[in-house]
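Throughout the sequence shown, residue numbering follows the UniProt record's numbering, covering 1 to 370 in sequence. Only one structure is covered here, and it is reproduced in the block below.
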Amino acid sequence: FGTGTGLEGGVNAVQGGVCFDLSRMDAIAELSLEDFSVTVEPGVTRKALNKHLRGTGLWFPVDPGADASLCGMAATGASGTNAVRYGTMRPNVLNLRVVLPDGRLLHTAGPGRQPRKRAAGYDLTSLFVGSEGTLGFLTQATLRLHPLPEATAATVASFPRTRGRGTRSIPGCGMGAQDGHWRSWVRAGCPGVLWVLSQSSWSPSEEIVRQNGGSGLAWAEGLEEREQLWSMRHNAWYAALALRPGCQGYSTDVCVPISRLPDVVVETKQDLQASSITGPMVGHVGDGNFHCLLIFNSQDPEEAQRIYAFTQRLGSGAVASGGTCTGEHGVGLGKRALLQEELGQEGLDTLRSIKAALDPHNLMNPGKVL
1 FGTGTGLEGG VNAVQGGVCF DLSRMDAIAE LSLEDFSVTV EPGVTRKALN
51 KHLRGTGLWF PVDPGADASL CGMAATGASG TNAVRYGTMR PNVLNLRVVL
101 PDGRLLHTAG PGRQPRKRAA GYDLTSLFVG SEGTLGFLTQ ATLRLHPLPE
151 ATAATVASFP RTRGRGTRSI PGCGMGAQDG HWRSWVRAGC PGVLWVLSQS
201 SWSPSEEIVR QNGGSGLAWA EGLEEREQLW SMRHNAWYAA LALRPGCQGY
251 STDVCVPISR LPDVVVETKQ DLQASSITGP MVGHVGDGNF HCLLIFNSQD
301 PEEAQRIYAF TQRLGSGAVA SGGTCTGEHG VGLGKRALLQ EELGQEGLDT
351 LRSIKAALDP HNLMNPGKVL
């Protein structure tokens with residue numbers, strides 16, 4: 001347990017057991033400015049690390065929205081709005097220190113090593129990124145740092161339709177989208193797109209927005225202005241809950257090829273309407289990942305069942321479109337039934353073989369993923 005910000009029930013002890021709270025292991029063990037790397041313990045959060053890095057000219061860009069623990073982000077294979085330029089957690093993790101189920105201590109890239117690339121045997125680091133605590137628990141992570149951009153700006157624009165090709169031509173650091181539910185954010189009824197851009201992208205971006213019928217283009221260059229603009233995206237969860245006061249929410253995500261994203265978003269919106277579900281959509285349009293923030297009355301079993309059925313259809317549709325049932329939230333409890341559909345029986349059997357080899361007594365986070 002790090003900060004408990006996961007979204008698929010990964011920290012829920014559905015079969016009982018012992019919970020290891022690692023939140024007080026919050027040391028930044030090593031910082032190498034020359035190697036652009038840092039080693040952190042499980043209690044260090046994304047914001048705490050970037051605060052520590054102020055004045056160095058470096059930062060850690062993976063931003064899932066919540067101020068999650070960095071080892072937790074590695075365990076779930078987290079991503080975020082900056083992934084279109086900086087990638088997900090997977091390429092940004094250089095090494096992990098893992099306590100295996102039998103008590104052995106494993107350094108996935110070797111003790112003290114932080115290579116940018118390697119071809120020495122199986123990639124154990126990638127095996128544990130996204131393992132959700134089912135193979136061992138992470139007690140240290142060595143992460144890749146990046147130079148801060150010399151100049152950035154955020155901008156928001158609204159478009160009359162979801163389908164369009166312009167956004168793939170804009171070289172952004174981060175790219176997010178909101179659907180027409182967010183009427184207080186963008187022009188009524190129009191999907192909105194929010195970018196973080198490098199300085200060289202500003203003029204082409206304006207032209208591309210205009211060519212695609214966009215309007216309301218607003219720029220924010222100062223840090224405070226940019227943070228205020230991005231707060232709309234980061235506060236989407238609370239804005240969604242306000243649509244039905246007193247109700248609960250469930251956030252689910254999928255990821256599809258960018259070429260299929262507009263059609264899948266339209267189909268999802270139609271499904272939400274046909275199912276009478278309140279479910280605003282937000283997404284990272286630069287990499288095909290989007291979320292549905294599903295608001296429902298948890299005391300109504302029929303509505304809760306409709307929510308569950310929708311999430312399974314959404315995951316199945318993403319898989320059928322050449323994508324995945326989860327781009328960044330992880331499998332946890334809610335998406336186990338979709339794994340065979342996505343990986344096939346051979347893939348699922350391979351995962352079970354890995355789990356059995358490392359954790360034959362099913363001690364680590366039982367009931368999750370598999």
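Even glycine gets a Cβ: it sits at the ideal position worked out from N, Cα and C.
Mind checking residue 207: buried by the 16 CB within 10 Å criterion, or exposed?
exposed
Restricting to runs no shorter than 4 residues, where is the alpha helix (DSSP H) found entirely within the stretch 120-144?
124-128
In angstroms with no decimal places, state the Cα-to-Cα distance between residue 63 and residue 105.
29 Å
Considering only the alpha carbon of each residue, which of 114, 288 and 101 lies closest to residue 265?
288
Which of the three DSSP states is assigned to residue 28 in this structure?
strand
Residue 235, buried or exposed, once every other Cβ within 10 Å from all chains shown has been counted against 16
exposed
Give, in chain order, every unbroken run of the beta strand (DSSP E) that is at least 3 residues long and sits entirely within the stretch 10-93.
28-32 and 37-40
Whole-Å CB distance - residue 39 paired with residue 67, under 8 Å assumed
With 8 Å as the limit, residue 39 and residue 67 do not qualify as a contact, their Cβ atoms being about 20 Å apart.
Could you name each continuous alpha helix (DSSP H) segment of 4 residues or more that falls completely within the stretch 268-324, going from the start of the chain to the end?
301-320
Please classify residue 352 as buried or exposed, where buried requires at least 16 other C-beta atoms within 10 Å of its C-beta.
exposed
Should residue 356 be labelled buried (16 or more other beta-carbon atoms within 10 Å of its own) or exposed?
exposed
Nearest-angstrom Cα separation, counted from residue 369 out to residue 343:
13 Å
Between the Cα of residue 225 and those of 120, 278, 74 and 153, spot the shortest distance and give me the residue it belongs to.
153
Residue 113, DSSP secondary structure in three states
coil
Is the stretch 46-55 touching the stretch 249-257 in the sense that three or more CB pairs, one from each, lie closer than 8 Å?
no
Once DSSP output is grouped into helix, strand and coil, what is the label at residue 246?
coil
Outcome for residue 32 when other beta-carbon atoms lying within 10 angstroms are tallied against a minimum of 16
exposed
Residues that residue 107 bridges to, as DSSP identifies them:
97
Does the Cβ-Cβ distance between residue 375 and residue 317 come in under 8 Å?
No answer is possible for residue 375: the residues shown for the chain start at 1 and end at 370.
Measuring alpha carbon to alpha carbon, tell me which residue in 314, 122 and 133 is nearest residue 101.
133
Pull up the CB-CB distance for residue 135 and residue 358, whole angstroms please, since I reckon it's below 8 Å.
5 Å
Beta-carbon of residue 327 versus every beta-carbon of chain D: anything under 8 Å?
Among the chains in the structure shown there is no chain D, since it carries only a single protein chain.
So if DSSP puts residue 147 in a beta bridge, which residue, or which two residues, is it bridged to?
58
Within 10 angstroms of the Cβ of residue 190, are there 16 or more other Cβ atoms? Answer buried if so, exposed if not.
Low local confidence applies: a pLDDT of 45 at residue 190 is under 50, so the model's placement there is unreliable, with the coordinate-based value given in what follows. Residue 190 comes out buried.
Drop a sphere of 10 angstroms on the beta-carbon of residue 374, count the other beta-carbons inside from all chains shown, and report buried for 16 or more, exposed for fewer.
Here the chain has residues from 1 to 370 only, and residue 374 is not among them.
I need the DSSP call for residue 370, collapsed to helix, strand or coil.
coil
Should residue 19 be labelled buried (16 or more other beta-carbon atoms within 10 Å of its own) or exposed?
exposed
Under 8 Å: do the stretch 275-288 and the stretch 79-99 share three or more Cβ pairs, one atom per stretch?
yes
Same chain, Cβ closer than 6 Å to residue 340, neighbours up to 5 away in sequence not counted
348
Boundaries of the alpha helix (DSSP H) in which residue 355 is found, first to last residue:
336-358
Can you tell me which of the three DSSP states residue 102 falls into?
coil
Give me the DSSP bridge partner(s) of residue 263.
DSSP output for residue 263 lists no bridge partner at all.
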